[in-house]
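All remarks here apply to the structure that follows.
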Amino acid sequence: FNLFCRKPKTKRAKRFLEKREPKLNENTKNAMLIKGGNANLTVTGVLKDIYAVKKPFAVLYKRKNITRPFEDQTSLEFFSRKSDCSLFLFGSHNKKRPNNLIIGRMFDYHVLDMIELGIEKFVSLKEIKSSKCPEGTKPMLIFAGDMFDVNEEYKRLKSLLIDFFRGPTVPSIRLAGLEYVLHFTAVDGKIYMRSYKVLLKKSGCKIPRIDLEEMGPSLDLVMRRTHLASDDLYKLSLKQPKGLKPKKKKNISRDVFGTTYGQIHMQKQDLSKLHTRKMKGLRKRRAEKSAEDGGATPKMPKSA
Amino acid sequence: MAAVRVEAVLAAAEEQEAEKRRSVTVEKELELEYDLGNLLAVDRNPPVALRGAGPRREELLRALARDNTQLLVSRLWELPVERAGGAGGPLVAQLPEPSFRLPREKPRPKPRPPTRWEQFARLKGIRRKKKTSLVWDEQAKEWRRRWGYRRAGGDPSRAWLAEVPAGADPDEDQFARLRREKRERVARNELNRLRNLARAHRAGSAVAAAPLHPTGHQDRDELRRVARVARVSTASLGRFQPRLPKESAEPPSRNAGKKRRFEPLLGNLAAERSRQLELLRDMGSKKPVLDITRAVNKQLRQDEAEAAAANKGKKQSKRGKRGRRQQRPGRSGKKSGGRRQPQQQKRAGGGTG
Chain A
32 FNLFCRKPKT KRAKRFLEKR EPKLNENTKN AMLIKGGNAN LTVTGVLKDI YAVKKPFAVL
92 YKRKNITRPF EDQTSLEFFS RKSDCSLFLF GSHNKKRPNN LIIGRMFDYH VLDMIELGIE
152 KFVSLKEIKS SKCPEGTKPM LIFAGDMFDV NEEYKRLKSL LIDFFRGPTV PSIRLAGLEY
212 VLHFTAVDGK IYMRSYKVLL KKSGCKIPRI DLEEMGPSLD LVMRRTHLAS DDLYKLSLKQ
272 PKGLKPKKKK NISRDVFGTT YGQIHMQKQD LSKLHTRKMK GLRKRRAEKS AEDGGATPKM
332 PKSA
Chain B
3 MAAVRVEAVL AAAEEQEAEK RRSVTVEKEL ELEYDLGNLL AVDRNPPVAL RGAGPRREEL
63 LRALARDNTQ LLVSRLWELP VERAGGAGGP LVAQLPEPSF RLPREKPRPK PRPPTRWEQF
123 ARLKGIRRKK KTSLVWDEQA KEWRRRWGYR RAGGDPSRAW LAEVPAGADP DEDQFARLRR
183 EKRERVARNE LNRLRNLARA HRAGSAVAAA PLHPTGHQDR DELRRVARVA RVSTASLGRF
243 QPRLPKESAE PPSRNAGKKR RFEPLLGNLA AERSRQLELL RDMGSKKPVL DITRAVNKQL
303 RQDEAEAAAA NKGKKQSKRG KRGRRQQRPG RSGKKSGGRR QPQQQKRAGG GTG
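So the protein lines, in turn, are chains A and B. The first sequence runs 32 to 335 under my numbering. The second sequence runs 3 to 355 under my numbering.
This is the structure in structure tokens:
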């Protein structure tokens, strides 16, 4: 709120503030990847790999930040406000919770949802020797398993993961550029995340045959604690502003054959003043008329 | 013969088509759910094959991923395509709007309330006049901007002449006056801007509790009202609340703070009876309710009082407090005499209504 802040004096500052204020169509969500107090190799490896996947819409903080997100959310909110990031991934490690990863999102710079996941197995980008796809590719997301629809926590996790990995919203996409797919499977209480590079092979028809090559980071995750937003706060965050709905064009209807119909509304017309076609030949001539009337009437003006 | 051959040919053609498509078709129990705007596919089939698998898990996962990706890509290939960037550009598919509902990053933008000027302009129907960005400057003989760096009117700080206006003091420093007025204008504009911002902020968050917080500038009636509200805001609605030292010890009336009072329905039966009888008597009597002589006298006295007040305003009264105090008993007498009439009328109206 700008009452006690000075208004921006340069155009650059004004643009900076305008980028961060609430809008009809929002910016792509940025993610911040933070290391916790005791972050071991696995956890730092995971953060680095996910940073590589999410570039340029992510910031990786290199220093360790000794906070506990589940107890105190103020430092997370401070970081979010400063860097304008609404998604975060916090990695830490201690004896009680080894290889801990907290994935979460913010609404209005306050924590909305947080889910704590434990990393059971991690295979990094470097360990898998294969060709990688270019940075910034929009990945295809696939969720398999009925747990993602049955369990409430898994539902939120699915929504969180989609939010995290989906990237910018684009109106059109190059079909040959669909190279990256992230596949999440929920089985036996675990969540398997695998990333593959897509190879489009020729098939007999228009649709290519897909072959997958394992490429990117692969994670085996276990759900630990959760801190989900209350229902009404979640509903409030889902609400879209009214300007986004396209305005319905009225008075247009189509029939079965595809003809477009519309109604034209006319004002009431004075039928006596209508101008119709004048047939000159049908007009009564002056001589004939005086003969009819017996010559007594004076010359009458011709009426249309 | 020919018919059989045609059928055989068609069947063979279909077989070929099916062959071709076999490499890209995938059999699934439940159809996947697609959100092509997000490049998303959700597979609801329970992963039975994966439940027991130990060492073969990676292969099974990969096979499942391949099947699902094949289905998603088939759907994506069915979207309307065009060539981006002319004839030689890459093939590009038009994605629909994302349908999966995700929470927003920031709350919805609120339309800011109109400023004082905007309200006035809307009331009067004043619309913005489109102004050109450049103005012709006669002195400099070129097009200069309307305001800002190198504006059309010449640099105000380098103005070497300031005319003394008609009614001004000849000894006054005109340059100082211009500078002071500019400072005042800037300050006034800043004040109005802050007021508009405060109004916008206040409209956003309902700050209805403002009068209940002590500011330094509340008068006695406001404070009494606030104290009454505070007393009633307990769980037992103020019934067991101890009185403040200087508060009057009367039970709170139902009509406290209201302008109209409504009598309770079954309160005073005797009063109601007398009221109704009086009403009937007034309706039945031939005497008119409005006493003409009294009304005329009242009007005359009112006119005299107005004239006296106008005169008093013109000349500063030398009588002062004592004189005004002497005047008062007479005036109050007039008022009470005149008041009896409207009160009677009111009660009559209350009786019928």
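Even glycine gets a Cβ: it sits at the ideal position worked out from N, Cα and C. A quick note: this is a predicted structure, and the numbers were derived from the prediction, not measured.
Under the Cβ criterion of 7 Å, Lys-126(A) is not counted among the residues facing chain B.
Taking a contact as a CB-CB distance under 8 Å, the pair Val-77(A) and Leu-250(A) counts as one, their CB atoms being some 7 Å apart. Per the Cβ contact rule, the stretch 258-278 of chain A is not in contact with the stretch 239-250 of chain A (fewer than 3 Cβ pairs under 8 Å).
A residue is called buried once 16 or more other Cβ atoms fall within 10 Å of its Cβ, and Asp-286(A), having fewer, is exposed.
The DSSP-derived three-state label of Ser-76(B) is helix.
For Leu-38(B) against Leu-81(B), the beta-carbon gap comes to about 7 Å, under 8 Å, which counts as contact. In the three-state reduction of the DSSP assignment, Glu-61(B) falls in the helix class. The residue from Arg-197(A), Lys-232(A) and Ala-217(A) with its alpha-carbon nearest to that of Thr-168(A) is Arg-197(A).
Listed in chain order, the alpha helix (DSSP H) elements of length 4 or more contained wholly in the stretch 285-323 of chain A amount to none. Around the C-beta of His-296(A), fewer than 16 other C-beta atoms lie within 10 Å, and the residue is accordingly described as exposed. Within the same chain, Cβ atoms closer than 7 Å to the Cβ of Leu-209(A) are found at Met-171 and Val-229, the five residues on either side in sequence being excluded. Between the alpha carbons of Ala-200(B) and Ile-128(B) lies a distance of about 25 Å. Three or more beta-carbon pairs separated by less than 8 Å link the stretch 172-192 of chain A to the stretch 41-53 of chain B, which places the two stretches in contact. Remark: C-beta atoms of Val-26(B) and Leu-73(B) do not approach each other more closely than 7 Å. Arg-160(B) is positioned such that its CB atom lies no closer than 7 Å to that of Ala-154(B). Taking 7 Å as the threshold, the shortest C-beta distance from Ala-175(A) to chain B falls below it. Its Cα nearest to that of Leu-104(B), the residue Glu-57(A) stands out among Gly-67(A), Leu-148(A) and Glu-57(A). Going by DSSP, Arg-222(B) is part of the alpha helix (DSSP H) stretching over 222-234. Taking one beta carbon from each stretch, the stretch 211-228 of chain A and the stretch 124-138 of chain B have fewer than 3 pairs nearer than 8 Å; the two do not touch. For Leu-132(A), the pairing in a beta bridge is given by DSSP as Gly-122(A) and Leu-148(A).
Listed along chain A is no residue with a C-beta nearer than 8 Å to that of Val-188(B); the closest approach is about 14 Å. Counting along the chain, no alpha helix (DSSP H) covers Ser-162(A), and no H or E run does either. For the pair Arg-85(B) and Cys-236(A), the Cα-to-Cα distance works out to about 20 Å. Pro-202(A) reaches chain B at Gln-96 and Leu-97, counting residues in chain order whose Cβ is nearer than 8 Å. By the criterion of a C-beta distance shorter than 7 Å, Leu-192(A) is surrounded in its chain by Phe-215, once the five residues flanking it on both sides are discounted.
Val-253(A) and Ser-155(A) have their alpha carbons spaced roughly 18 Å apart.
Assigned with DSSP and collapsed to three states, Met-246(A) falls in coil, not helix or strand. In the DSSP annotation of this structure, the continuous segment of the beta strand (DSSP E) that includes Thr-216(A) starts and ends at 211-218. Assigned with DSSP and collapsed to three states, Ser-226(A) falls in strand.
Taking C-beta atoms as the reference points, Ala-164(B) and Gln-176(B) count as a pair closer than 7 Å.
DSSP lists Ile-204(A) and Val-83(B) as the beta-bridge partner residues of Ala-95(B). Look at Leu-163(B) here: in three-state DSSP terms it is coil, with no helix or strand label. Residues of chain B with a Cβ closer than 7 Å to the Cβ of Pro-53(A) are, in chain order, Lys-108, Pro-109, Arg-110 and Pro-111.
Taking 7 Å as the cut-off, the Cβ atoms of Asn-69(A) and His-124(A) count as close. Asp-194(A) is not a Cβ neighbour of Arg-255(A), given a cutoff of 7 Å.
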